[in-house]
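Structure, as structure tokens:
Protein chains in written order, with full-length UniProt numbering: chain A, 1 to 308; chain B, 1 to 308.
Below, the structure is given as structure tokens:
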């Protein structure tokens with residue numbers, strides 16, 4: 001069992017979907033990652049920042065999941081990062097209606113002493129300089145550094161992003177972003193190009209079309225579970241990353257075979273996340289529901305053609 | 001081992017992709033279906049029509065694959081159906097540059113006597129009245145009737161299409177067409193609606209994103225093999241259908257488990273089809289290459305999470 005260090009946003013989200021809308025609710029990449037990873041019963045810590053408008057009930061929720069929040073800075077008089085977005089009917093595209101960086105604008109991450117030897121580091125979607133700063137604070141090279149990012153950082157901070165990518169083991173990125181980062185339309189070629197940039201493993205997230213894991217000449221695919229309804233996609237990618245990182249930290253095994261399992265666990269947890277607004281579904285999820293759905297994943301993908 | 005009856009177009013195609021272009025080459029749904037199904041070493045027959053401009057070398061190719069072409073009418077003085085299309089850079093969209101129905105305009109299908117008791121009938125993409133006429137000529141109800149169709153028939157002959165759908169067991173259709181046919185965006189809901197229309201099994205083809213098989217509350221997913229390059233997608237859907245139908249006829253087993261295997265075999269063959277123009281790759285494909293790629297499909301999808 002390894003320790004998992006998480007860096008990412010802790011935020012307020014306001015979400016509008018065809019099914020309804022929310023006021024400010026709990027959100028942020030680190031929040032979704034932490035809640036997903038906590039399903040594996042491990043020791044984890046979040047490095048992030050909020051304002052003093054952040055409710056203590058949310059802090060208590062994180063603590064109740066055995067998440068160390070000593071690295072979650074609360075800025076007195078500051079306001080928490082806020083994102084407001086609206087999803088279109090197909091749920092695959094969204095408009096950002098508001099982004100208020102607030103305390104995130106001056107965020108200087110401080111890794112808690114206890115987590116400077118964490119075996120697994122999950123760098124959630126955030127400014128690449130912050131991601132790099134966390135890596136530089138580690139006492140020894142973690143066994144596995146996983147980075148999630150998005151097109152915004154490619155558009156605005158490509159140099160910093162390219163630098164941090166050199167220092168990581170796994171990148172999780174969506175299909176369009178993989179194409180943007182490499183100029184290759186074929187995901188096979190894009191994944192090969194990205195491996196040349198640093199990471200040994202490339203996970204390409206395709207939303208409702210599943211996720212691909214690439215490593216040298218190996219490739220593994222996990223479908224997304226076909227759902228009757230996607231209620232709110234917010235946090236699904238972070239939940240995938242949290243399940244992936246959490247499973248690897250909990251099992252302390254970074255073989256390709258175990259990374260395959262991690263992709264399945266990540267996809268499994270993400271399939272719950274989208275069933276309700278924000279973190280709602282992740283808060284009341286239990287082990288039994290998770291196991292039941294893993295059986296569905298097996299039924300969905302496993303076949304028995306005999307081969308020599 | 002069952003017999004497989006195939007109805008569909010036998011045609012000339014002229015194809016333009018970012019990689020090059022062809023003159024008139026061998027094409028047509030029944031051609032691709034027949035070539036794919038022949039990999040399973042079964043008895044099959046094609047019901048279709050061509051003009052006397054159709055080269056005897058193409059006829060010989062079909063015969064060499066143990067495909068009975070006594071139901072392939074050659075119209076004296078007639079011209080073979082011709083389609084010309086151009087694919088865009090992403091290979092997912094194409095423009096039809098020319099469609100010359102020619103002898104297809106008056107096609108009246110005649111099922112050979114020997115195949116009126118075929119166990120499996122594969123109705124390739126074609127006018128639904130022709131598909132229905134073939135069903136009506138069968139001496140006894142086949143064990144399995146599979147239908148492939150496309151949005152063109154929904155736009156222009158919805159009533160006839162709806163009627164033939166009532167008489168079939170399996171429909172293969174792409175994701176957008178499933179949505180168009182049912183008005184449901186969720187593929188899970190669309191598949192449930194289509195099952196109410198007649199077919200017990202619904203296969204939704206998602207191109208590079210794989211294929212889903214639905215039956216009651218069961219669902220199975222086969223990914224498309226991630227390829228470095230898709231050279232020419234023409235015929236990939238037909239090849240999938242041919243592999244699916246051919247495997248089921250050859251194994252004479254229509255359990256859900258065997259339909260899963262059939263979806264994998266169909267996806268496997270389709271992954272070859274797109275590697276070269278038209279039927280080129282399907283012509284020189286051998287058993288060894290097919291088996292090798294089935295191993296890749298296993299590696300791509302099989303995982304070993306132990307569950308209670």
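Cβ atoms here follow ideal geometry from the backbone N, Cα and C, with glycine treated the same way.
Computed from a prediction, not measured in an experiment: that's the story for all the values here.
| said: For residue 18 (chain A) and residue 275 (chain A), I'd like the C-alpha separation in whole angstroms. | reply: Start at 1 with the first residue of the first chain, and residue 18 (chain A) comes out as number 18. Start at 1 with the first residue of the first chain, and residue 275 (chain A) comes out as number 275. Approximately 13 angstroms, taken between the alpha carbons.
| Within chain A, the residues that residue 172 (chain B) reaches when beta carbons sit closer than 9 angstroms | Within the second chain, the letter at position 172 stands for residue 172 (chain B). Simply none; closest approach about 16 angstroms.
| For residue 206 (chain B) and residue 240 (chain B), the rounded distance between their alpha carbons | Translated into the one-based positions of the second chain, residue 240 (chain B) becomes position 240. Translated into the one-based positions of the second chain, residue 206 (chain B) becomes position 206. Going by the C-alpha atoms only, they are around 11 angstroms apart.
| message | Can you pull the chain B neighbours of residue 302 (chain A), defined as C-beta to C-beta under 7 angstroms? | response | In the first chain, counting from the first residue as 1, residue 302 (chain A) sits at position 302. In chain order: 302.
| Which residues bound the beta strand (DSSP E) around residue 279 (chain A)? | Within the first chain, the letter at position 279 stands for residue 279 (chain A). Note, residue 279 (chain A): premise wrong, no beta strand (DSSP E); not H, not E.
| task | Check whether the Cβ atoms of residue 22 (chain A) and residue 278 (chain A) lie closer than 8 angstroms to each other. | result | Position 22 of the first chain holds residue 22 (chain A). Position 278 of the first chain holds residue 278 (chain A). Cβ atoms of residue 22 (chain A) and residue 278 (chain A): closer than 8 angstroms.
| request: Can you tell me which of A:65, A:306, A:104, A:114 puts its alpha carbon nearest to the alpha carbon of residue 360 (chain A)? | output: Outside the shown range of chain A, which is 1 to 308, sits residue 360 (chain A), and nothing can be said about it.
| request: Could you confirm whether any beta carbon from chain A is found closer than 8 angstroms to the beta carbon of residue 189 (chain B)? | output: Taking the first residue of the second chain as position 1, residue 189 (chain B) is located at position 189. Chain A, which has a Cβ nearer than 8 angstroms to the Cβ of residue 189 (chain B), makes this yes.
| With a cut-off of 8 angstroms, do at least 3 Cβ pairs link the region 42-51 of chain A to the region 102-116 of chain A? | yes
| request: Could you check which residue in A:7, A:236, A:12, A:296 has the C-alpha nearest to that of residue 99 (chain A)? | output: In the first chain, counting from the first residue as 1, residue 99 (chain A) sits at position 99. Closest option to residue 99 (chain A), Cα to Cα, is A:12.
| request: Give the DSSP-derived three-state secondary structure of residue 5 (chain B) in the structure shown. | output: As a first step, residue 5 (chain B) is located in the second chain; it is residue number 5 there, counting from the start. Of the three classes helix, strand and coil, the one that applies to residue 5 (chain B) here is strand, per DSSP.
| task | Buried or exposed for residue 287 (chain A), please, with buried defined as at least 16 other CB atoms from any protein chain shown within 10 angstroms of its CB. | result | The residue given as residue 287 (chain A) occupies position 287 in the first chain. The residue in question, residue 287 (chain A), is exposed, as its Cβ has fewer than 16 Cβ neighbours within 10 Å.
| request: Give the range of the alpha helix (DSSP H) segment to which residue 57 (chain B) is assigned. | output: For the purposes of this step, residue 57 (chain B) is taken as the residue at position 57 of the second chain. Segment 56-64, the alpha helix (DSSP H) holding residue 57 (chain B).
| request: In the DSSP assignment, find the alpha helix (DSSP H) that holds residue 174 (chain B) and state where it starts and stops. | output: What you label residue 174 (chain B) is simply residue 174 of the second chain in a count that begins at 1. No alpha helix (DSSP H) contains residue 174 (chain B), which is instead part of the beta strand (DSSP E) from 170-174.
| request: Verify the CB distance criterion: does residue 185 (chain A) have a CB-CB separation below 8 angstroms to chain B? | output: Numbered from 1 along the first chain, position 185 holds the residue referred to as residue 185 (chain A). At least one chain B Cβ lies under 8 angstroms of residue 185 (chain A).
| task | State the CB to CB distance for the pair residue 70 (chain A) and residue 229 (chain B), rounded to an integer number of angstroms; the pair is presumed to be in contact (CB under 8 angstroms). | result | Here residue 70 (chain A) is taken as the residue at index 70 of the first chain, counted from 1. Here residue 229 (chain B) is taken as the residue at index 229 of the second chain, counted from 1. Contact flag wrong, Cβ pair sits at about 50 angstroms.
| Quick one, which of B:297, B:243, B:303, B:301 has its alpha-carbon nearest residue 4 (chain B)'s? | Counting from one through the second chain, the residue named residue 4 (chain B) turns up at place 4. For residue 4 (chain B), the nearest C-alpha among the options comes from B:243.
| request: Can you give me the Cβ contacts of residue 294 (chain A) inside the same chain, cut-off strictly under 6 angstroms, excluding the 5 residues immediately before and after it? | output: Along the first chain, read from residue 1 onward, the residue named residue 294 (chain A) stands at position 294. Here the set comprises 268.
| field | Rounded Cβ spacing between residue 259 (chain A) and residue 201 (chain A) (contact assumed at less than 8 angstroms) | value | Stepping through the first chain from its first residue, residue 259 (chain A) is reached at position 259. Stepping through the first chain from its first residue, residue 201 (chain A) is reached at position 201. Confirmed, Cβ separation roughly 6 angstroms.
| Helix, strand or coil at residue 259 (chain B) [DSSP, three-state] | Residue 259 (chain B) sits at position 259 when you count from the first residue of the second chain. Reduced to three states, the DSSP call for residue 259 (chain B) is helix.
| What span of residues does the alpha helix (DSSP H) with residue 238 (chain B) cover, start to end? | Along the second chain, one-based indexing puts residue 238 (chain B) at 238. It spans 236-251 - the alpha helix (DSSP H) in which residue 238 (chain B) sits, taken as one unbroken run.
| field | Three-state secondary structure assigned by DSSP to residue 266 (chain A) | value | By 1-based counting over the first chain, the position of residue 266 (chain A) is 266. Note: residue 266 (chain A) maps to helix in three-state DSSP.
| request: From the DSSP output, in three-state form, read off residue 13 (chain A) for me. | output: In the first chain, the residue the question calls residue 13 (chain A) occupies position 13. Strand at residue 13 (chain A).
| request: Spell out the partners DSSP gives residue 201 (chain A) in its beta bridges. | output: Walking along the first chain from the start, residue 201 (chain A) turns up at place 201. Its beta-bridge partners are A:170.
| query | Buried or exposed: residue 89 (chain B), going by 16 or more other Cβ atoms within 10 Å of its Cβ? | reply | Counting from one through the second chain, the residue named residue 89 (chain B) turns up at place 89. Exposed.
| Taking the DSSP output, what are the residues bridged to residue 215 (chain A)? | Within the first chain, residue 215 (chain A) is the residue found at index 215, counting from 1. DSSP, once it has assigned bridges, lists A:218 as partnering residue 215 (chain A).
| Can you find a CB in chain A that lies within less than 8 angstroms of the CB of residue 286 (chain B)? | Along the second chain, one-based indexing puts residue 286 (chain B) at 286. So no, residue 286 (chain B) is outside the interface.
| request: Go through its chain and collect everything with a Cβ distance to residue 163 (chain A)'s Cβ below 8 angstroms, but skip five positions before and after it. | output: Locating residue 163 (chain A) in the first chain gives position 163, where the first residue counts as 1. Closer than 8 angstroms at the Cβ level, and outside the excluded window around residue 163 (chain A), lie 128, 132.
| With distances taken between CB atoms, is the gap from residue 191 (chain B) to residue 178 (chain B) smaller than 8 angstroms? | Here residue 191 (chain B) refers to the residue found at position 191 when the second chain is read from its first residue. Here residue 178 (chain B) refers to the residue found at position 178 when the second chain is read from its first residue. Contact flag set, yes.
| said: Quick check: residue 159 (chain B) and residue 86 (chain B), are their CB atoms within less than 8 angstroms of each other? | reply: Taking the second chain and counting its residues from 1, the one referred to as residue 159 (chain B) is at position 159. Taking the second chain and counting its residues from 1, the one referred to as residue 86 (chain B) is at position 86. No. Outside cutoff.
| query | Do the region 109-126 of chain A and the region 145-153 of chain A meet, that is, are 3 or more Cβ pairs less than 8 angstroms apart? | reply | yes
| said: Tell me which residues share the same chain as residue 76 (chain B) and place their Cβ nearer than 7 angstroms to its Cβ, disregarding the 5 neighbours each side in the sequence. | reply: Working through the second chain from its first residue, we reach residue 76 (chain B) at position 76. Answer for residue 76 (chain B): 52, listed in chain order.
| said: Run through chain B and tell me which residues come within less than 7 angstroms of residue 212 (chain A), C-beta to C-beta. | reply: Locating residue 212 (chain A) in the first chain gives position 212, where the first residue counts as 1. Here the neighbours are 226.
| Residue closest to residue 121 (chain B), alpha-carbon to alpha-carbon, out of B:114, B:153, B:6, B:307 | What you label residue 121 (chain B) is simply residue 121 of the second chain in a count that begins at 1. It is B:6.
| said: Looking at the secondary structure, which residues open and close the beta strand (DSSP E) in which residue 96 (chain B) lies? | reply: Here residue 96 (chain B) refers to the residue found at position 96 when the second chain is read from its first residue. Segment 94-100, the beta strand (DSSP E) holding residue 96 (chain B).
| query | For residue 96 (chain A), is the classification buried or exposed, using 16 other Cβ atoms within 10 angstroms of its Cβ as the cut-off for buried? | reply | Position 96 of the first chain, counting from 1, holds the residue named residue 96 (chain A). Exposed is the call here.
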